[in-house]
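**Student:** Chains as they are written, first to last, in our numbering: chain A, 47 to 846; chain B, 3 to 169.
C-beta atoms are modelled at their ideal positions from N, C-alpha and C, and glycine is treated no differently.
Since we're looking at a predicted model, the values are computed, not measured.
Below: one structure in C-alpha cells.
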C-alpha cells in the first residue's frame, strides 16, 4: 500500500485555501480533469487522503517563475495520455506539480507577485547574506524568506502581499497592481486594504480639519482645470480626422491597407506643420508689406497647371520676397530714422532662411523619433526561423470585422499554411544543379533588365530635359505667345510622371516572373527597384536645375522662381497621373475583369506602389520648399483629395490583399524609406543650395549676397559689432558651427551609441539561444524523472 | 457624457484608471458600449449586472474574432462558468487588449486563451483547435490530417518564443 502523503510536496501554505470563494470560478473546472481521474483511481482509498489531496491541489503553487511555467508547458507531458497505466501515486505527484497549478489558482498568482515584490525590495537595499543568518534582529529575517520557510507558513500570502505593496513607493505600487493578471474585483479589494493603512487619497480627508480659504480655492481651481482638460481631451478624440473612414477601411480590408492610409495621414501632419510655420513667419509677414511692383499678368486657367503666368509675381515664389528689413525705422537709403514707424522691424532674409532651416530640423527630429519608435515596436530580437509559430499566432488580423473579409482571411491563412508546409517539404529535397543554374540565370536576367531600364530612363530624361530647354529658348526668341511657351514647359513633368506610372507595372511583372522564395522578398525587391528609379531620376533633375539655372530665367532673371515653378508643375502632374493610375489601374481593370474576362476576382490594392508614390510626392515638396514657400499648401490639398479618391476607389473596385502582410513591419519600412532616401536627399539638396549656390541678383531675399548662408553670417557679424555683451553667441557660432571638429565629434558620439545598441541586441540574442537550450534540457530532465518515479511506484504496486 | 443616470461616479473612475491600463476616455467609452448591451431598466445598476455571453458576442470586434468563446471564458468571473461578463470583467478585457498593457500580462492571458482545455499546458489538442479556429468554421476549410500532423510536429520542435503583436 503506497504512502502518497509522505512523498507529496510539503507545500507549506495556508490550510484555508480550500474555501471555495478564494478561487476563480474556473478553478473547479480546471481541476475537474484531475479530480475525476484521481477519484477514479483512488476509489478504495480513505476519504481523508482525498481531502488532503484536494487541499494540496488548491493551495498555492511553488515559487517558480510564471514564465518558466509557460515555456515549460511547451513540453509534451507524456505522463498521462501516453501512459495511462501510470500508478495512482505517480499521478498524484504529477497533479501537484507547480506547472499544473500555477497560472490557474489566483493564490498562485498572488504568491508569485508577492515574491516579485520581495525581490524588488531586495534589489534596492540588500544586506549581505552572511549577516542575516547571524543577526539577532527579527526584522531583518524577513528579507530572506527562502532561508526561513517557516515564516511564510504563519501568515496568509495575501496579507503578506499587501504588506509588501505598502512598502513600495506609490508609483511602483500602482504599476505592480496594474500589471497583476488577476481580475479587477480582486485588485480593488487589494487597493482598499492598502488604502486603509496609508492615506493615499487624492481628495482631502474629511476627518481632517476643514481646509483654509486658500486650500479650498486651490482645490476648486484644480478640479475645474481637470474637468476642462478632460473635456478638451474628449473633444480632441472626437475631432480625429477620418476616424470613421479608417475604421471602415480596416474593417473590410485589414491592417495592411490601413497602413497606407495611416501613412498618408502622417504625411499630411508633416505638411501641415511645415505650412503653418512658413505661413506665420514668412508668408503672412510678407503679405502685410507687399513690394512696390505690381502684378501685370491676368489670370488664365493654365496657371493652375503650370504655376507660371500670373502666379509668378505672387507670394508663391521666392522672387516675390523682399531682401530688406520690413517695417524698419531706419531705412538704409535715406539713413534717417523715422520715429513712430518700425516698432517691430522684421528682417525678411533672415526669417526666410531660419524658418526653413528650423522647420527642416524639427521635421528631421520628428521623423527619426517616429522611425525609432516604430522600429522598436516591430523588431524581434529572437531568431527569425520560427516561421510556423509566427504564422499561427500572429497571422490573424484583428482589425477585420466584416463577415466576408473574415472568411477571406480564413482562406488566406489556410493557403499560407499549406504553402509553408509545401515549401518545407520541397526544401527537404535539395535542388538539383540544373535547377539552381536555371534560377541563377533567371535572377541575373531580371536584375539586368531592371538596371537597364533605370539607365535607359535616366538617359532619356536627361536628353529630353536638354531638348526641352532648347525648345523653350527657341520659342522665347521667336516671340510665340506666352501661353504656348508655358504649355511647352509641361512636357518634362508629363514625361517623367508617365515613366513613374508605367515602370512599376513592369517591375511587378518582373517580380512575378522571377518567383522569389518568399512573397515578402518579392515585395521588397519590387519596392527597391521602384525606389531606385524614382530617386535617381529626381537626383538627375536636381542636378539639371542647379547647373542650368541661367537657361530657365524668366523675364527678370530669377532662376529660383523658375525652379519653384518646375517643382510646382511636377507636384501637380504627379497628382494628375495618380488619378489616372487609380482610374485605369483599378476602375477600368475591374470593369475589364468583370465584363470581358468574366472573372469574379477584383484587382488588388497595390500597397507598395501607392506608398512609393506618396513618398515621391513628399520628396518633391521638400525639394521645392525653399523656392516655393506655398508648396506645402498644394501638397496638403493634394493629400486630402487623394485620401477621398483612393478610399472611394478602394471600396468600389478592389479586394483585400491575398498576401498576408505584417503591417507593423511595413509601416517601419515606409517611414524608414521616407526618412532615408527621401528626406535625406531633400536636406542635402537644400544644404547645398544654401551653402554653395549663388542666388540670382535681381530678385528674392538674398539678392546681394554670394550665398544664402552668408546672410546668416553677416547677421552674426553685425550682432557682434552692435552688442559686445553677447560675444558668447558669436563664439558658439565661430567655434561650434563653423568649426568642423565639433561636427566630427558629434558624429563620432552618435556612431558609438549606435554601435553600443547593436552589441546589446547581439548579446540579447545570445542569451535567448542559451535560455532555449536550458529549457530543452530542463524538459529532458523532467521526462527522465517522471520515468524514474514511475519505475519506483510501479515496482511498489506490483508488490503484494 | 451628459447627465445620464448611469454615469460612473468619479472616484470609481479614478480607481479604474489606476488599476487598469485604460485612460479615462476609454473607460467612459467602454461604459457607454457596455450599457448599450443592457436593456433600459438594467442600465440603472450597471455595475452589478452580468451580460450573457451571447450578447457580448454581438459586439462587432468580438464577433469576428476566432477566439471569442475562449476570451469570454477567460475573462469572465461568474461562478457558473457560463462566460457572462460584468462591467469589471469587460474593463479587464479591454485593459489587457489595449496598447499600453505590458507584454507580460498579454502573454499570460494569451496563454490562458489558447489553452483550450484549461490544463495549464499547450499540448497537441490545443494546437489543433487553435489552427482550426484560424482556418475557419466549416469542415471543408480545415487542414487535412496529415497537414495538421506535420504542422504540429514543426511547432513542437521549434521552441521559438514569439512577441504577441496582434493583441
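Go through its chain and collect everything with a Cβ distance to residue 656(A)'s Cβ below 6 Å, but skip five positions before and after it.
**Tutor:** Around residue 656(A): 306.
**Student:** Just the Cα atoms here: how many angstroms apart are residue 38(B) and residue 445(A)?
**Tutor:** Going from the Cα of residue 38(B) to the Cα of residue 445(A) covers about 22 Å.
**Student:** Between the alpha carbons of residue 22(B) and residue 100(B), how many angstroms are there, rounded?
**Tutor:** Taking the straight line joining both Cα atoms gives about 10 Å.
**Student:** Which of the three DSSP states is assigned to residue 533(A) in this structure?
**Tutor:** Of the three classes helix, strand and coil, the one that applies to residue 533(A) here is helix, per DSSP.
**Student:** Which residue from 469(A), 803(A), 584(A) puts its Cα closest to that of residue 620(A)?
**Tutor:** Measuring from the Cα of residue 620(A), the nearest candidate turns out to be 584(A).
**Student:** With a cut-off of 8 Å, does the C-beta of residue 438(A) fall near any C-beta of chain B?
**Tutor:** Closer than 8 Å: yes.
**Student:** Here's the rule I'm using: 16 or more other beta-carbon atoms within 10 Å means buried, otherwise exposed. How should residue 502(A) be labelled?
**Tutor:** Exposed, since its Cβ has fewer than 16 Cβ neighbours within 10 Å.
**Student:** Less than 8 Å between C-beta atoms, sequence neighbours within five positions excluded: which residues of the same chain meet that for residue 749(A)?
**Tutor:** Closer than 8 Å at Cβ, skipping near neighbours: 369, 741, 742, 743.
**Student:** Go through its chain and collect everything with a Cβ distance to residue 330(A)'s Cβ below 8 Å, but skip five positions before and after it.
**Tutor:** Result list for residue 330(A): empty, nothing under 8 Å.
**Student:** Quick one: which chain B residues come within Cβ less than 7 Å of residue 578(A)?
**Tutor:** Correct list: empty, because the minimum Cβ distance to chain B is about 30 Å.
**Student:** Identify each residue in the stretch 103–123 of chain B for which the Cβ-Cβ distance to at least one residue of chain A is less than 9 Å, and report them in chain order.
**Tutor:** The stretch 103–123 of chain B vs chain A, Cβ under 9 Å: 103, 104, 106, 107, 109, 110, 111, 112, 113, 114, 116, 117, 119, 120, 121, 122, 123.
**Student:** If we require 4 or more residues per run, which alpha helix (DSSP H) segments fall completely within the stretch 739–774 of chain A?
**Tutor:** Those alpha helix (DSSP H) runs which fall completely within the stretch 739–774 of chain A and span 4+ residues are 755–768.
**Student:** Count the other CB atoms within 10 Å of the CB of residue 110(B); is the residue buried (16 or more) or exposed (fewer)?
**Tutor:** Its Cβ being crowded by 16 or more others within 10 Å, residue 110(B) is buried.
**Student:** With 9 Å as the C-beta to C-beta threshold (strictly closer), list the residues of the stretch 49–68 of chain B near chain A in chain order.
**Tutor:** Result list: 62, 63, 65, 66, 67, 68.
**Student:** I'd like to know whether the C-beta atoms of residue 680(A) and residue 614(A) end up nearer to each other than 8 Å.
**Tutor:** In contact: residue 680(A) and residue 614(A) (Cβ atoms closer than 8 Å).
**Student:** Cutting at 8 Å between CB atoms, please list the residues of its own chain near residue 717(A), excluding the five before and the five after it.
**Tutor:** Here the set comprises 309, 312, 413, 416, 417, 420.
**Student:** Using 10 angstroms around the beta-carbon of residue 29(B), count the other beta-carbons present and answer buried if the total reaches 16, otherwise exposed.
**Tutor:** Flag for residue 29(B) reads buried.
**Student:** So that I know if they touch, is there some Cβ in chain A lying closer than 8 Å to that of residue 130(B)?
**Tutor:** No, its Cβ sits nowhere closer than 8 Å to a Cβ of chain A.
**Student:** Measure the C-alpha to C-alpha separation of residue 792(A) and residue 400(A) and round it to an integer number of angstroms.
**Tutor:** If you take the alpha carbons of residue 792(A) and residue 400(A), they lie about 22 Å apart.
**Student:** Are the C-beta of residue 755(A) and some C-beta of chain B separated by less than 8 Å?
**Tutor:** No, its Cβ sits nowhere closer than 8 Å to a Cβ of chain B.
**Student:** Using C-beta distances below 7 Å, list every residue in its chain close to residue 443(A), excluding the 5 sequence neighbours before and after it, in chain order.
**Tutor:** Around residue 443(A): 300, 301, 455.
**Student:** Going by DSSP, what residues sit across from residue 393(A) in a beta bridge?
**Tutor:** Its beta-bridge partners are 371(A).
**Student:** Pick out whichever of 727(A), 485(A), 834(A), 695(A) has its Cα sitting closest to the Cα of residue 577(A).
**Tutor:** Residue 577(A) has its Cα closest to that of 727(A), out of 727(A), 485(A), 834(A), 695(A).
**Student:** For a cutoff of 8 Å on Cβ pairs, would you count residue 223(A) as touching chain B?
**Tutor:** Yes, residue 223(A) lies at the interface with chain B (some Cβ there is under 8 Å from its Cβ).
**Student:** Using CA atoms only, rank isn't needed, just tell me which of 86(B), 151(B), 117(B), 12(B) is closest to residue 69(B).
**Tutor:** If we check each option's Cα against that of residue 69(B), 117(B) comes out closest.
**Student:** Quick check: what's the CA-CA separation for residue 616(A) versus residue 137(B)?
**Tutor:** So the alpha carbons of these two residues sit roughly 47 Å apart.
**Student:** I believe residue 607(A) touches residue 355(A) by the beta-carbon criterion, under 8 Å. Please report the beta-carbon distance rounded to the nearest angstrom.
**Tutor:** So it is not a contact: roughly 12 Å between Cβ atoms.
**Student:** Looking at the structure shown, is residue 612(A) part of a helix, part of a strand, or coil, going by DSSP?
**Tutor:** Residue 612(A) falls in the helix class under three-state DSSP.
**Student:** Under a CB-based cut-off of 8 Å, is residue 149(A) close to chain B?
**Tutor:** At residue 149(A), the pLDDT of 43 sits below 50, so the modelled position is not reliable and the matter cannot be decided from this model.
**Student:** Determine which residues share a DSSP beta bridge with residue 87(B) and list them.
**Tutor:** Answer is 53(B), bridged to residue 87(B).
**Student:** Kindly say whether residue 68(A), judged by its beta-carbon, lies nearer than 8 Å to any beta-carbon of chain B.
**Tutor:** Any reading at residue 68(A) needs caution, since the residue's pLDDT is 32, under 50, leaving its predicted position unreliable; the model's value is listed next. It does not; no Cβ of chain B falls within 8 Å.
**Student:** Can you tell which of 551(A), 788(A), 647(A) has its C-alpha closest to the C-alpha of residue 653(A)?
**Tutor:** Comparing Cα positions, the closest option is 551(A).
**Student:** Taking Cβ positions only, does residue 26(B) come closer than 8 Å to chain A?
**Tutor:** Interface residue, yes.
**Student:** Under 8 Å between beta-carbons, which chain A residues line up against residue 138(B)? List them in chain order, please.
**Tutor:** What residue 138(B) touches in chain A: 453, 456, 457, 460.
**Student:** Would you give the residue range spanned by the alpha helix (DSSP H) that residue 294(A) belongs to?
**Tutor:** Per DSSP, residue 294(A) belongs to the alpha helix (DSSP H) from 289–299.
**Student:** Restricting to runs no shorter than 3 residues, where is the beta strand (DSSP E) found entirely within the stretch 614–638 of chain A?
**Tutor:** Runs of the beta strand (DSSP E) inside the stretch 614–638 of chain A: none found.
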